[in-house]
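**Student:** Once you've had a glance at the structure underneath, I'll fire off some questions.
In the numbering used here, the protein residues as written are 318 to 1518.
What follows is the structure in structure tokens.
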């Protein structure tokens, strides 16, 4: 069946699409009937097997490779080419791209039928006078010029016999042409020609047509003449496209046939398969195809058999390397690629694959050699140049990298305007020059190519930085002004201004100088927020009070909920804290008494009679109380914050922000259970808010409400899987880490470790994901971002999220090393030993039923996961699917064979990347001390001492004293190399003689005598140094109510309690449970709201009591006012905080008669009452305010303690 000269019948295609049989013999017959009876059964089976017995894909692959031609002719290493009279020739082949469509681009399939490769400089241009008389049915067509006469499209090198697709964007025809089409209903035809660098034409003309569609009135574009036959569509499988090596001769598209050598090899494989001559390449090729279909075990076996059959085949070695790469065995894959290159040194595909893997494992020396070969073999390709440059850059050879880019830019011809890839290459070259401190050359280059750089923000930032480094401060200042015009809320630009000014004056800027500069910015950018905040940062005293008053009143009137987030930066001194609190309380007093915020002068209202414009909107009082509650919460005044926010919720029970703030207050007070209840109420008010949902989920996890948290998270996750699985797949770090912490606190070590390992796998996946970018970024030209990404990946595990997970995992493994768990059934046997036979029988029946339910649940889960995998298989490439990993089983994780070795797995990335954190070296010492690694213990101490402030860190001081104590007890052994190195290095670190542990700890206590936690841990360290006098030492532990240390927060006390537990669990000192309970009781008395100090019975009772309470958002139980106008909050007569506190303490709740306690009610609702009484303002506003306050006046509620 010759599909190149005849159309496939539409009815046949419809029947073809409806085929769905699973009988392979029947599929072979159907395949043969479609492609023609001349095709052998073996070839039919080959293409069906290649397409995983999918008939449409098999037929598409057959036509894609033109196997309707004589296959037996393709038995040599290169395809047979008929002799040509010309050296350069080209032939157009109809393809599925010839189908008419309503828009461009148009695509022509062209084959080099000459005897030589097309030379560099060939181009495609328009043929202005094509001869249509030789084309059937086109002698009456209108000749049309599809593109301007000056159009030139460069052509890449194409070897003899190879195919390529030429892509051209055809503009829509002019009005004259469209009128002619409408009048005649005849097609119009244009043509393109292929030209050599000297302008001589070669090959066939490439025709294009526009055909009017009479039925729809639209115009249809097509490549070829109007009567050109249409071929069937190409296969749409992504796997097929990948393995057929389809690519367009255009940098923006992707499709073509195989090169001649690979095409010949592929046809030979088909022939051998048909003749059952299973040679090495055939086995290897089948193996790689099966691997792409996800049949990895069978694929590995076939590839190994192929390699064993012919170890001298470069194809087998290459495929063996591809298999190892898919298994993420990169070292073995690299060795296979190197062996393939020994057999075929100039194989470009193997060189590319090798360079990618070498870059992935950061073998920069090997990658440099490979990229050098690629550049030598393909000097005309841009990727060869930039790939070599990137390796030199990463190796630190900046001069060489700059020289390579410079030489490449010299051979670049005319560049299209707004070429982003070229712009990125220029910025990357400037980046190399800056890192090499060649500022003058970089500046000249920037000025020369300014119009070619598309990213103007990067251009201006780079330009300003270069001018600054060269001392041209005035010019740099002008550029920074341009940047601020674009984004006046970027802090970096203001810091650049500071640097420039300090460099000009050669002295540090004073606050007054910064103030004057920022005033210019405020006047210039009146809408910007950041310059005002920076300006306030430079003020103190009355000036700060005056300007922050203006700033806050403006934002309160606008109703900005995040105002406190902006003000938090000013809580750096006690003076500023007092100023802000006085302003808050004065606002409250003014609003209650004069229904206005200000203006304020020296803490008093300037004018007692409000004007029309000074009347505040009803929402002002709401957001003022919201701000006051946030202030009290930040200052640690929990009860006052709760009083304010609780009353506000009674007045306005539908404001979500109020509920979230109350949850934050309880969480800051140490009661995360009550906080989770209020977050649940907040989520009920706005079920469509994803952020509130996430915050509620997090709070529930922290409250150990794991099941409720998963149910809450499931509201915003896929229904086909559990919320935990979905969030793990989405790499949601906070969810994984919070769950790990919760399970660790619940003493469920296996579950906690499972989440820690999930975090580790997430970071491993992120590192593996960079594999695809090594070739993609070179092809797309995003070199600057690519180098920055490479450097980021090199320090990826220094991220705080990984550090938190690794820290927790090491702590758990240390606990399991000291307190290993027994067999899973040990605990059950001990508990069941006291039961009678009948009770034991009932218990076993209950356990058996529970086990059956668990197994049924597991089967259901497996079915759901199987459905998910099937759904993924349809959308994902099986070849790129990561290798199967062992399922994490909590019971197995909680019983490791060697807990310390598992701890080292998490610890080593911290040692390598997080050496600036003192906790890293403390963890390292804890692990290596228990492993008995003396030199590694010394290394941890030595590196820890290099960290700033290490000697005053409580944990590190304890590790240091333990090491000195161990050194004092150790006696050097002769002929012991470890001891020789240990004592020699210890003397270099500490001097000679070595300091005593007790003296070191006493010095630590003296330096930190005013810190509760330092003194607490220092005394515990004394108990470790002198265990015989431990009980006497424990008596000196500071009490939570000790006034010597001032007010100790509950968080510090909680850390101290956890420290006692750690000492007992790790058996560092003889701490008892009684000591912990006594300390817990003292802390609970001091902080009654902190549920973290409750014992288990009290905590469980508190949990039940809180969760059994009805929701606060039930409209039937609340009494909402019509407007958020009436407020109860601390008010002040003269701005005195103490008086306000006393007044607030004296208030009581009254929901009865309006006349009862009327004085207080009127004072609380002063804003509404004063408006209704006719004080100031026009009548319209009075009536509006009065209507807004009716509901509040009828239900006057006063907040009390």
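Glycine included, C-beta positions come from ideal geometry on N, C-alpha and C.
1) What whole-angstrom Cβ distance do residue 673 and residue 1092 have, given they're in contact under 8 Å?
2) If you follow the alpha helix (DSSP H) that residue 1302 is in, where does it begin and where does it stop?
3) Can you round the beta-carbon distance between residue 427 and residue 481 to whole angstroms, since I take them to be within the 8 Å contact cut?
4) Could you have a look at residue 1099 and say whether DSSP puts it in helix, strand or coil?
5) Please determine, among 689, 600, 663 and 610, the residue with the shortest C-alpha to C-alpha distance to residue 637.
6) Quick one: Cα of residue 761 to Cα of residue 1105, how far?
7) Report the partner residues of residue 508 according to the DSSP bridge assignment.
8) Could you check whether residue 845 and residue 806 sit closer than 8 Å to each other, using their CB atoms as the reference points?
9) With which residues is residue 1137 paired in a DSSP beta bridge?
10) Going straight from the alpha carbon of residue 837 to that of residue 804, what length do you get?
11) Just checking my contact of residue 631 with residue 608 at CB under 8 Å: how many whole Å lie between their CB atoms?
12) Tell me whether the beta-carbon of residue 778 lies closer than 8 Å to the beta-carbon of residue 750.
13) Output the boundary residues of the alpha helix (DSSP H) element that contains residue 632.
14) In this structure, how does DSSP classify residue 425 when only helix, strand and coil are distinguished?
15) Residue 1242 and residue 1257: beta carbons closer than 8 Å?
16) The alpha helix (DSSP H) spanning residue 766 covers which residue range?
17) In three-state DSSP terms, what is residue 470?
18) Quick one: is residue 824 buried, meaning 16 or more other Cβ sit within 10 Å of its Cβ, or exposed?
19) For residue 1425, does the count of other Cβ atoms within 10 angstroms reach 16, so buried, or fall short, so exposed?
20) Do residue 423 and residue 508 count as a contact pair if the criterion is CB distance below 8 Å?
21) In angstroms, rounded to a whole number, what distance separates the CA positions of residue 1052 and residue 1006?
22) In whole angstroms, what is the alpha-carbon distance linking residue 692 and residue 656?
23) Are the CB atoms of residue 1329 and residue 1362 nearer to each other than 8 Å?
24) Since residue 1083 and residue 1125 are thought to touch, with beta carbons under 8 Å apart, how far apart are those beta carbons, to the nearest angstrom?
25) So what does DSSP say about residue 482, is it helix, strand or coil?
26) I need the straight-line Cα distance from residue 829 to residue 819, nearest angstrom please.
27) Where do the N-terminal and C-terminal ends of the alpha helix (DSSP H) with residue 540 fall, by residue?
28) Do you know whose CA, among 1377, 1406 and 1382, lies nearest residue 1392's CA?
29) Counting C-beta neighbours from all protein chains within 10 Å, is the total for residue 731 16 or more, i.e. buried, or is it exposed?
30) How should residue 1252 be labelled, buried or exposed, when 16 other C-beta atoms within 10 angstroms of its C-beta is the threshold for buried?
31) Measure the beta-carbon distance from residue 932 to residue 955 and round it to whole angstroms, keeping in mind my assumption that it falls under 8 Å.
32) At which residues does the alpha helix (DSSP H) containing residue 750 begin and terminate?
33) Taking DSSP's pairing of strands, which residues face residue 441 in a bridge?
34) Apart from the five residues on each side of it in sequence, which residues of its chain come closer than 7 Å, Cβ to Cβ, to residue 757?
35) Between which two residues does the beta strand (DSSP E) holding residue 409 run?
36) From the DSSP output, which residues share a beta bridge with residue 529?
**Tutor:** Working from what's here:
1) Residue numbering aside, residue 673 sits at position 356 when the chain shown is read from its first letter. Residue numbering aside, residue 1092 sits at position 775 when the chain shown is read from its first letter. With 8 Å as the limit, residue 673 and residue 1092 qualify as a contact, their Cβ atoms being about 6 Å apart.
2) By one-based count along the chain shown, residue 1302 stands at place 985. It spans 1294-1307 - the alpha helix (DSSP H) in which residue 1302 sits, taken as one unbroken run.
3) Mapped onto the chain shown, residue 427 falls at position 110. Mapped onto the chain shown, residue 481 falls at position 164. The pair is a contact, with the Cβ atoms about 6 Å apart (cut-off 8 Å).
4) For the purposes of this step, residue 1099 is taken as residue 782 along the chain shown, with counting starting at 1. Coil at residue 1099, not helix or strand.
5) One-based indexing of the chain shown puts residue 637 at position 320. Minimum Cα distance to residue 637 is reached at 600.
6) Position 444 of the chain shown, counting from 1, holds the residue named residue 761. Position 788 of the chain shown, counting from 1, holds the residue named residue 1105. Their backbone Cα atoms lie some 24 Å apart in a straight line.
7) Along the chain shown, read from residue 1 onward, the residue named residue 508 stands at position 191. For residue 508, which the question treats as bridged, DSSP gives the partners 524.
8) Here the question's residue 806 lines up with position 489 in the chain shown. Here the question's residue 845 lines up with position 528 in the chain shown. Yes. Within cutoff.
9) Numbered from 1 along the chain shown, position 820 holds the residue referred to as residue 1137. BP columns for residue 1137 are empty, so no partner.
10) On the chain shown, position 520 is the one that residue 837 refers to. On the chain shown, position 487 is the one that residue 804 refers to. Roughly 15 Å between the two C-alpha positions.
11) Walking along the chain shown from the start, residue 631 turns up at place 314. Walking along the chain shown from the start, residue 608 turns up at place 291. Not really, about 18 Å apart at Cβ, beyond 8 Å.
12) Along the chain shown, one-based indexing puts residue 778 at 461. Along the chain shown, one-based indexing puts residue 750 at 433. Going by C-beta atoms, residue 778 is not nearer than 8 Å to residue 750.
13) Within the chain shown, the letter at position 315 stands for residue 632. Its alpha helix (DSSP H) spans residues 631-643.
14) On the chain shown, residue 425 is found 108 positions in, with the first residue counted as 1. Residue 425: strand per DSSP, three-state reduction.
15) Translated into positions along the chain shown, residue 1242 becomes position 925. Translated into positions along the chain shown, residue 1257 becomes position 940. Contact flag set, yes.
16) Position 449 of the chain shown holds residue 766. First-last for residue 766: undefined, no H or E at that position.
17) Taking the first residue of the chain shown as 1, we reach residue 470 at position 153. Strand at residue 470.
18) If you number the chain shown from 1, residue 824 lands on position 507. Its Cβ having fewer than 16 others within 10 Å, residue 824 is exposed.
19) For this step, residue 1425 is matched to residue 1108 along the chain shown. By the neighbour-count rule (16 or more Cβ atoms within 10 Å), residue 1425 is not buried but exposed.
20) Against the chain shown, residue 508 aligns to sequence position 191. Against the chain shown, residue 423 aligns to sequence position 106. Not a contact, by the Cβ cut-off of 8 Å.
21) One-based indexing of the chain shown puts residue 1052 at position 735. One-based indexing of the chain shown puts residue 1006 at position 689. Rounded to whole angstroms, residue 1052 to residue 1006 spans 18 Å at the Cα level.
22) By 1-based counting over the chain shown, the position of residue 692 is 375. By 1-based counting over the chain shown, the position of residue 656 is 339. Straight-line Cα distance between these residues: approximately 20 Å.
23) Locating residue 1329 in the chain shown gives position 1012, counting from the first residue. Locating residue 1362 in the chain shown gives position 1045, counting from the first residue. In this structure, residue 1362 lies closer than 8 Å to residue 1329 by Cβ.
24) Along the chain shown, one-based indexing puts residue 1083 at 766. Along the chain shown, one-based indexing puts residue 1125 at 808. Contact flag wrong, Cβ pair sits at about 19 Å.
25) Residue mapping note: residue 482 aligns to position 165 of the chain shown, counting from 1. Strand.
26) As a first step, residue 829 must be located in the chain shown, where it is residue number 512. As a first step, residue 819 must be located in the chain shown, where it is residue number 502. Roughly 13 Å separates the two Cα atoms.
27) Counting from one through the chain shown, the residue named residue 540 turns up at place 223. Counting along the chain, residue 540 falls outside any alpha helix (DSSP H), though it belongs to the beta strand (DSSP E) covering 536-540.
28) Along the chain shown, read from residue 1 onward, the residue named residue 1392 stands at position 1075. Here the closest residue by C-alpha is 1377.
29) Residue mapping note: residue 731 aligns to position 414 of the chain shown, counting from 1. Under this definition residue 731 is an exposed residue.
30) Along the chain shown, one-based indexing puts residue 1252 at 935. Counting Cβ neighbours within 10 Å, residue 1252 comes out exposed, since fewer than 16 surround it.
31) Taking the first residue of the chain shown as 1, we reach residue 932 at position 615. Taking the first residue of the chain shown as 1, we reach residue 955 at position 638. The pair is not a contact, with the Cβ atoms about 34 Å apart (cut-off 8 Å).
32) By one-based count along the chain shown, residue 750 stands at place 433. Residues 737-752.
33) Taking the chain shown and counting its residues from 1, one reaches residue 441 at position 124. Its beta-bridge partners are 470 and 511.
34) Working through the chain shown from its first residue, we reach residue 757 at position 440. Taken in chain order, the residues that qualify are 787.
35) As a working note, residue 409 is residue 92 in the chain shown. Residue 409 -> beta strand (DSSP E) spans 408-410.
36) Taking the first residue of the chain shown as position 1, residue 529 is located at position 212. Residue 529 is bridged to 536.
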